[in-house]
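K.L.:
Each residue of the sequence shown is one higher than the one before, starting from 2 at the first, in this note's numbering. For each residue, glycine too, the CB sits at the ideal point set by N, CA and C. Bear in mind that the values here come from a model prediction, so they are computed numbers and not experimental data.
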Amino acid sequence: MFSFLFALFLAVSAENPVCQSRFDLEEELYRSVALHSDDISVRLSYLKRYGPCITQEGINIIEERNIVIVEELDCEAPLDGLEFFFRNKKLCSRSVTFYPSKKVFTGKKSASPVSLPENWRHIETAETVLFYDSTARFGENSDTTGQILAKSGDGIFTNHLGKVIHPEFIYSNGNWEKVFPLRELFYLTVGKNGTFEVRIITENSIPYDKKELFELLGLKADAPEEPFFAPSTVSLKGKGLKGIRIPKTEYLTDRESDHGTYKISLYYPELQKKENVTVRTESYELQILFSDGRLEADLTIFVKKLTPEEALNIKTVLNREIPAFFVQTAK
C-alpha cells in the first residue's frame, strides 16, 4: 500500500542556505543516509527537509560528503514518486535515491532532463542509463558492481568464479562502454572432404552424455570425436558428417534477461546464396547475411526483455530463413 502525501509546492530560492549544501545543517540525517540509504523512512525524512529545494522538473544529481544524491521532480508520470503535491493544478511527485561512496551506478532511462555535477558523465542503452564520476579510477574490465570480468574471444563475460555474467556496461581502455554479451551460438562448418566442427554456446542445459548429445543434435557421422565440454559450451569435431539438426529458435519467457547477442553461423558448400535480411527496431536488430556456402545470423537485443510480439517476429524470420537440417546427399 502506498501512502500518497499531498503538499503545497513551495518555490524555494536557490539562495536559501538550506539548499546550498544538503547535509551541513543535518548531521543526524547525514548519518542515517550513510548507514541506511535504502530505508524508505530515511528517504522521506530527506524529502521533508529538502523537498522544497527540488524545484526543477527532471533528474538532478549532486554529491555531498561522498554521498551521491539523485533527486527527481516528475509532473508527467508522477506515480512512481515518494512525495506528491499539486503544481499549477497538475499532480507532481518528488523522489530521492542515495548512493553512498559510489562512483558509478545505473538507473532506469528517463525522458526527463538530467543535471549532473561537473565531473560526472552518463551513457545510455535502450532502457538503462549509467552515471559515473569521470575523475574516478576503475578496474580494467570491471562492471558496475566492481567485479573484474574476463572476456572470451566469442564475447562471453565471466567472473572470477567462472560464472557467466551478462553486463550492460564495462569499463575498458579508460572508458565506460555499453556491451552486448554473447548469449547463444550455434556454429557449424563442414568441409568438402566431410570433416566437420560444431560449437554450441547456450544458457540451456546440455547433456554431458555423448549418446544423449548426439541424439539431441540428430548427429550422424562416420567418425565423430569425443565432445569437449566447458561451462555453457560444447564443441565436437569429426569426419564423414551425414546429417545434423540445426536448432530451431525458441523464446524462453522465464529467462531473467534477453539483453545481448545471439548468433547462428553455418558454413558448408550446399548453402545457396539468398537475399540478405535486416530487421531493426528500438528493441533489437537482426541481420542474416548469405553468400555461397555461408550463412551468418546475428541478433542483438537492446532491451532487457522482449515483448511476446517481438519474440514471435524474430522467431518467424529465423525459422523461415535458416535450414532445419544439414544432410549430406549421396554422390
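According to the Cβ coordinates, are proline 225 and leucine 237 closer than 9 angstroms?
P.N.:
In this structure, leucine 237 lies closer than 9 angstroms to proline 225 by Cβ.
K.L.:
Name the DSSP beta bridge partners of alanine 76, please?
P.N.:
The identity of residue 76 in the sequence shown is cysteine, whereas the question assumes alanine. Cysteine 76 pairs with nothing; no bridge assigned.
K.L.:
For arginine 95, tell me which candidate among Val199, Arg122, Thr56 has the shortest Cα-Cα distance.
P.N.:
Comparing Cα-Cα distances from arginine 95 to each of Val199, Arg122, Thr56, the minimum goes to Thr56.
K.L.:
Could you tell me which residues DSSP pairs with glutamate 286 in its beta bridges?
P.N.:
Its beta-bridge partners are Arg281, Thr301.
K.L.:
Leaving out five residues before and five after alanine 127 in sequence, what residues of the same chain have Cβ atoms less than 8 angstroms from its Cβ?
P.N.:
Here the set comprises Lys110, Glu283, Ser284, Phe303, Val304.
K.L.:
Report the partner residues of arginine 295 according to the DSSP bridge assignment.
P.N.:
According to DSSP, arginine 295 bridges with Tyr268, Ser292.
K.L.:
Using three-state DSSP, classify glutamate 311 as helix, strand or coil.
P.N.:
Helix.
K.L.:
State the beta-bridge partners of serine 135 as determined by DSSP.
P.N.:
Paired residues: none, contrary to the question.
K.L.:
What is the DSSP secondary structure of alanine 231, reduced to helix, strand or coil?
P.N.:
Alanine 231 falls in the strand class under three-state DSSP.
K.L.:
Leaving out five residues on either side along the sequence, give the residues of the same chain with a beta carbon under 6 angstroms from the beta carbon of glutamate 84.
P.N.:
Excluding positions up to five away in sequence, the list reads Leu6, Leu48, Gly52, Arg95.
K.L.:
Which residue from Ser258, Asp255, Ala222, Tyr252 puts its Cα closest to that of glycine 241?
P.N.:
For glycine 241, the nearest C-alpha among the options comes from Ala222.
K.L.:
At 4 residues or longer, and completely inside the region 171-242: list those alpha helix (DSSP H) runs for me, N to C.
P.N.:
Those alpha helix (DSSP H) runs which fall completely within the region 171-242 and span 4+ residues are 211-218.
K.L.:
Measuring alpha carbon to alpha carbon, tell me which residue in Val199, Thr159, Glu178 is nearest phenylalanine 229.
P.N.:
Of the listed residues, the one whose Cα sits closest to phenylalanine 229 is Val199.
K.L.:
Exposed or buried, which one is arginine 66 when buried takes at least 16 other CB atoms within 10 Å?
P.N.:
Exposed: under 16 other Cβ atoms inside 10 Å.
K.L.:
Grab me the residues of alanine 312's own chain with a C-beta within less than 6 angstroms of its C-beta, minus the 5 sequence neighbours each way, in chain order.
P.N.:
Around alanine 312: Tyr252.
K.L.:
Three or more C-beta pairs closer than 8 angstroms, one from the region 116-135 and one from the region 58-72: is that the case here?
P.N.:
Yes, the region 116-135 is in contact with the region 58-72.
K.L.:
Count the other CB atoms within 10 Å of the CB of proline 79; is the residue buried (16 or more) or exposed (fewer)?
P.N.:
Classification of proline 79: buried, given that the 10 Å Cβ count is 16 or more.
K.L.:
Within a Cβ cutoff of 8 angstroms, which residues of the same chain sit near histidine 123, ignoring the five residues on either side of it in sequence?
P.N.:
Counting only Cβ-Cβ distances below 8 angstroms, and skipping sequence neighbours, we find Val115, Leu117, Val130, Leu131, Phe132, Tyr133.
K.L.:
Could you tell me whether the Cβ atoms of isoleucine 315 and leucine 300 are closer together than 9 angstroms?
P.N.:
Cβ atoms of isoleucine 315 and leucine 300: closer than 9 angstroms.
K.L.:
Grab me the residues of aspartate 259's own chain with a C-beta within less than 6 angstroms of its C-beta, minus the 5 sequence neighbours each way, in chain order.
P.N.:
Answer for aspartate 259: Ile302, Lys306, Leu307, listed in chain order.
K.L.:
Helix, strand or coil for asparagine 61? Go by DSSP, reduced to three states.
P.N.:
If DSSP states are grouped into helix, strand and coil, asparagine 61 belongs with the strands.
K.L.:
Starting from glycine 108, follow its DSSP beta bridges and name the residues at the other end.
P.N.:
Answer is Val130, bridged to glycine 108.
K.L.:
What span of residues does the alpha helix (DSSP H) with leucine 48 cover, start to end?
P.N.:
It spans 41-51 - the alpha helix (DSSP H) in which leucine 48 sits, taken as one unbroken run.
K.L.:
Where do the ends of the alpha helix (DSSP H) carrying glutamate 29 lie?
P.N.:
Per DSSP, glutamate 29 belongs to the alpha helix (DSSP H) from 28-36.
K.L.:
For serine 251, which residues does DSSP report across the bridge?
P.N.:
A small fix is needed here, since residue 251 is glutamate in this sequence, not serine. Glutamate 251 is not bridged to any residue.
K.L.:
Shortest alpha-carbon distance to alanine 268 belongs to which of Phe291, Val97, Leu287, Ser42?
P.N.:
Correcting the residue identity first, residue 268 is tyrosine in this sequence and not alanine. When each option's Cα is compared against that of tyrosine 268, the closest is Phe291.
K.L.:
So glutamate 58 and serine 113 are in contact, right, with Cβ under 8 angstroms, and what is the actual spacing, rounded?
P.N.:
Indeed, because the Cβ distance is near 7 angstroms, the residues count as touching under 8 angstroms.
K.L.:
Ordered along the chain, which non-local residues of its own chain (more than five positions away) have a Cβ less than 6 angstroms from that of isoleucine 207?
P.N.:
So the qualifying residues of the chain are Val235.
K.L.:
Under 8 angstroms Cβ to Cβ from histidine 167, same chain only, skipping five residues before and after it: list those, please.
P.N.:
If we look at histidine 167 and ignore the five residues flanking it on each side, its Cβ neighbours are Phe158, Pro182, Arg184, Ser258, His260, Gly261.
K.L.:
If you draw a straight line from the alpha carbon of glutamate 77 to that of phenylalanine 87, how long is it in whole angstroms?
P.N.:
Taking the straight line joining both Cα atoms gives about 12 angstroms.
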